[in-house]
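In what follows, a structure is listed as structure tokens, so that the remarks can point back to it.
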Amino acid sequence: MPEQKISLTFDNPTMQDFFRKWCQFKNVYEKGKAEILAIKEEDKRQEELDKLNAPQEEWKLRAMGTTIGCHTIVKKGTEDNTVRVYDLT
70 MPEQKISLTF
80 DNPTMQDFFR
90 KWCQFKNVYE
100 KGKAEILAIK
110 EEDKRQEELD
120 KLNAPQEEWK
130 LRAMGTTIGC
140 HTIVKKGTED
150 NTVRVYDLT
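See the structure below:
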């Protein structure tokens, strides 16, 4: 079965920019991950994977035109019906 491809085109410059940056980020991430997975020492490998994964959430927020610290997460407690607010700053 031949490989099938799907193509999407966006007229919106913001979407074009987002996907261009996402592809660049993903390529760098995958290359870094492949190099890290080649590390034989398990502790060192995990430490490097943690370092690689840490900036992903920040990148996602920045790519969406936001930054860390301008969002608040609200979680409703299940046991005592309390609401907890977490600031990402």
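Counting from 1, position 18 in the sequence shown corresponds to residue 87 in my numbering; the numbering is continuous, with no gaps. Every residue, glycine too, gets a C-beta built ideally from N, C-alpha and C.
Length of the line joining the Cα atoms of residue i and residue j
i: E127; j: N81; result: 23 Å
i: R114; j: K95; result: 19 Å
i: R89; j: T83; result: 10 Å
i: W91; j: S76; result: 16 Å
i: Q85; j: E110; result: 40 Å
Residue from the options whose Cα sits closest to the Cα of residue i
i: K120; options: G101, M84, L77 and K95; result: G101
i: T78; options: F87, Q115 and K95; result: F87
i: Y98; options: Q73, N122 and P71; result: N122
Residues of its chain near residue i, where Cβ-Cβ distance is below 7 Å and the 5 sequence neighbours each way are ignored
i: E117; result: I105 and I108
i: P124; result: none
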